[in-house]
Amino acid sequence: MYDFTGLIQGINKWLHSILPAVAADVVGWILIAAAFLGLFAILGLVLVLAERKIAAFFQLRLGPNRIGPWGIFQTVADAIKLLLKEPVGTNRADSFLYNLAPYFVIIAALMSMSVLPFAKGLHAYDIDIGVFFVIAMSSLGVMGILLGGWASNNKYALLGAMRSGAQMISYELSVGLSILTIVLLSGSLRMSDIVASQSDYWFIFKGHIPAWIAFMIFIIAGTAETNRTPFDLTEAESELGAGFHTEYSGLKFAFFFLSEFVNMFIIAAMGAILFFGGWMPLHIGGWDGFNHVMDFIPPIFWFFGKVSFLIFLIMWFRWTFPRLRIDQLLTLEWKYLLPMNLANILLMAFIVLMGWHL
Amino acid sequence: MNKMKNENIKAIIQDWVPDLEFTEDSLEYVTVVVPRASLRHFLRKLRDDEQTKLDFMFCLTGVDYPKYLEVIYHLESTTLGLILVVKARTEDRGENAVLDTVSDLFRTAEFHEREVFDLLGVRFKGHPDLRRLFLTEDWVGHPLRKDYVDTVNIVKR
Amino acid sequence: MKTEELIINPQGKTEEYFINMGPQHPATHGVLRLLLTLDGEIVRKVDADLGYIHRSIEKMTEFDTYRQIVHLTDRMDYLSAHMNNEAVCLAVEKGLQIEVSDRVKVIRTIMTELTRLSSHQLWWGVIGMDTGALTTFMYAFRDREMINDIFEETCGARLTMNYFVPGGLMWDIHPNFQKRVKDFIKHFKTKLPEYDTLLSDNVIFRKRTEGIGILSKEDAISFGVTGPGARASGVRCDLRKKHPYSAYDRVEFKEILGTKGDTFERYRVRILEMWESMHIIEQLIDNIPEGEILEKTKAVIKLPKGEFYQRVETARGEFGANIISDGKKSPYRMKFRSPGFSNLSVIDHLAKGWKVADLVAIMATFDFVIPDIDR
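Spelled out as structure tokens, the structure:
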């Protein structure tokens, strides 16, 4: 009903008709890049505000309420402040790596966003290994954190970075395996295929209990991937001050800060796509009337609605739980989540093999 | 009750060492002045003896007197409820301002002795880590002494 | 499991390094500097460097009158301001050999218990923050605010009250006092179980605290640890029971004792103490006797020659004021035995072999107030 394929192809055709082929492609890329950068900036602003408002809600506070109605322009003001701030660094830092690190983090976050389908036909790059691409890109982000922590020449930063390294390598596994459980159901790594195959039921209903287990593991590991409480050992405010970004200020700090929120968005988006049908409305096999009514709600609302719900869930964790210790974090992964995950994959494979899924 | 306990502990100590000097400084607690040579021995005996069991040092105070420095140990027994104040005096305020450490008997004395060393300049022989605690390593003088001069920060009224 | 047992290759040589925790660090709650020797994440040695907020209060007392000294004491442990004031007041009263009226005693007891409650509330908020749960802080402040309002109404200040003076109280309680305290107790009785559901029963928090930093009874006594930290190890050190002062001999309450002595036990003791404090206040708040609120004393108090020691139980442990008087208007020497000072000395012993995160949790359960340590 709401298909963006035509619109996107129309714009492409129109560009090609007024420009030579190469120029048209370049302009197309620039438009896409601008769109994503815009989305990136808006996401950052909205998510930071949302986090602060939600935190305030959990903590019996009002949250930002001075700039604009209900404080909605607070993050805009914060962004301007960060832009205008003097970048203060350390003399003894390895300046090349120190300056490079924030870009690693932010580029990795941007790249993984490129394969997300926001609606039917509305995606930048529908690569056939889409899921794999996201996993690969999100694990690149840890390079930036490691580099930043190492190059800062600060022991707190180093401790944070090393923690982050151990954490990321461990939880990468859980994210990957829980995604694999769903790939077993869809039979494809392409994002659009995964979404399309949920047109009758979302995977979380389709896959019975293994899908629920996979979802829980995914959301736990995803929270760990984005370094958020209860897994925020990399920052660990009460132990390490600010962790890996202790020595960063101004815009470079903003990059780290922003990428944390965008990574959270990516994890929530992946969760929505894999388990809750992405932009697919709530469809129940056989109930044609109901499905038809649901189709009237635009897919973009479905997608962002589901993502918002998952983001709220992750924020809820943050404002409720205490932090784990590093050895407990690794124990949780290697002793509990990983074996559970492997057994879960077998179970799912069995279900798919027997055709017991919905 | 307390009076009885006080007489009790006084009797015990007089039984051990008859010629120790008791002072009447404190109305509440029995106060005894111990020769510095037998300080460690005496405190160990107080801590380990079945009759006294003074195992808890709740305060350690250093005082500067014109002729000597005095360290006051407040001891209490967590089991018997006895309290005893032990005083030890250094030979003088300069070169020989030395006392034996009791930090191995009462671990809490480790910090307290460092504080007394820092602010009053009593050197504790055998202390494992006798450094200044509050002030910087290169500080000159000991501020809690009566003759310490600081024309800027000390306002005499 | 202790972290050292987790190391697979004990022969593998790692290099120890130093890290400066403080003077500006979120977990030290003030200007405390800890020089940590770490092996990876494992703490090998904790060397405390004090003095960043040393104000020489002990030296200042030698030039001040006794009335002035009271005002210095609530700048030490500002979260137990009433208790510190009480210690000096009681010591001076001991020297003057005056007995305050029952009204004063009861009001002092209610005030100190309210202080204990507010201090423990702040501590609860802070231990949550130190273990990573930020919401506890705001919950604690919601309830603490009510106590501060009560203090403000009667004492005129919210943190450094200076309400107790040698011989009694600065002035009488506010007419609303009893009603507001009762309202607060009613309110807090419904909120304290919330503390348990939010933090005490949290699996992660339990894992972070249970079996960590175990303090044996012998060590607690030897290191001079007092307060909830020692009571969690089973040391009967509550001065309110042991040497009752003010009106503690006429109220009925339990001395909370633990057995395990680990971080969680210290946490539990404090939570249970809040119930006991409320119990004490409930017994007294309707029975404030009539009487003088201020005994007659000279404008400039001179104590006779001698030593006057007063021990009181603050929220952190035993606070002692030792006045050595030579008969003048200022003490010859005054020593404050602060609970945090002795409690800090045990940190090195406790944190050895545990992780940095455990060190933070252990420190949080001793609830250090740095001006109290430095004095």
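Protein chains in written order, with my numbering: chain A, 1421 to 1778; chain B, 2 to 158; chain C, 3 to 377. For each residue, glycine too, the CB sits at the ideal point set by N, CA and C. The structure presented is a predicted model; accordingly, all values stated were derived computationally and were not measured.
Residue-chain proximity (residue i, chain B), Cβ-Cβ < 9 Å
i	result
residue 221/C	yes
residue 3/C	In this prediction, residue 3/C has a pLDDT of 47, which is less than 50 and means its spatial position is unreliable; nothing more can be read from the coordinates.
residue 227/C	yes
residue 96/C	yes
CA nearest to the CA of residue i, picked from the options
i	options	result
residue 1563/A	1750/A, 1544/A, 1635/A and 1676/A	1676/A
residue 322/C	367/C, 328/C and 336/C	336/C
residue 1509/A	1480/A, 1694/A, 1658/A and 1568/A	1568/A
residue 1527/A	1698/A, 1683/A and 1726/A	1683/A
residue 24/C	143/C, 192/C and 49/C	49/C
residue 1657/A	355/C, 20/C, 311/C and 30/C	30/C
residue 29/B	310/C, 328/C and 342/C	310/C
residue 10/B	156/B, 85/B and 36/B	85/B
residue 243/C	253/C, 182/C and 46/C	253/C
residue 1550/A	1511/A, 1599/A and 1572/A	1599/A
residue 266/C	232/C, 43/C and 245/C	232/C
residue 47/C	92/C, 353/C, 367/C and 59/C	353/C
Simplified DSSP state of residue i, which is helix, strand or coil
i	result
residue 308/C	strand
residue 1487/A	coil
residue 221/C	helix
residue 163/C	coil
residue 63/B	strand
residue 1735/A	helix
residue 1501/A	helix
residue 205/C	helix
residue 19/C	strand
residue 324/C	strand
residue 140/C	helix
residue 171/C	strand
residue 338/C	strand
residue 234/C	coil
residue 212/C	coil
residue 1700/A	coil
Proximity test, Cβ basis, 9 Å: residue i and chain A
i	result
residue 212/C	no
residue 379/C	For residue 379/C there is no data in the structure shown, the boundaries of chain C being 3 and 377.
residue 368/C	no
residue 113/C	no
Presumed contact (8 Å Cβ cut-off) between residue i and residue j, rounded CB distance
i	j	result
residue 90/C	residue 170/C	Incorrect: roughly 13 Å between the Cβ atoms, too far for contact.
residue 1630/A	residue 1771/A	6 Å
residue 161/C	residue 83/C	7 Å
residue 374/C	residue 318/C	7 Å
residue 228/C	residue 306/C	No, residue 228/C and residue 306/C are not in contact; Cβ-Cβ is about 29 Å, not under 8 Å.
residue 1502/A	residue 1671/A	6 Å
residue 384/C	residue 346/C	Not covered by the structure: residue 384/C. The range shown for chain C is 3 to 377.
residue 1732/A	residue 1474/A	7 Å
residue 235/C	residue 218/C	6 Å
Span of the beta strand (DSSP E) around residue i
i	result
residue 75/B	70 to 77
residue 1600/A	No beta strand (DSSP E) holds residue 1600/A; the alpha helix (DSSP H) holding it covers 1575 to 1606.
residue 41/C	35 to 41
residue 84/B	84 to 90
residue 1643/A	Here residue 1643/A belongs to no beta strand (DSSP E); instead the alpha helix (DSSP H) covers 1628 to 1645.
residue 100/B	99 to 101
residue 32/B	31 to 35
residue 45/C	44 to 51
Endpoints, alpha helix (DSSP H) assigned at residue i
i	result
residue 120/B	110 to 121
residue 1761/A	1758 to 1774
residue 23/B	First-last for residue 23/B: 22 to 24, but that is the beta strand (DSSP E), not the alpha helix (DSSP H).
residue 46/B	40 to 49
Contact with chain C by residue i, beta-carbon distance below 9 Å
i	result
residue 1583/A	yes
residue 1499/A	no
residue 1475/A	yes
residue 1/B	Summary: the structure shown does not reach residue 1/B, with chain B confined to residues 2 through 158, and so no result is reported for it.
residue 1677/A	no
residue 1434/A	no
residue 1658/A	yes
residue 155/B	yes
residue 1764/A	no
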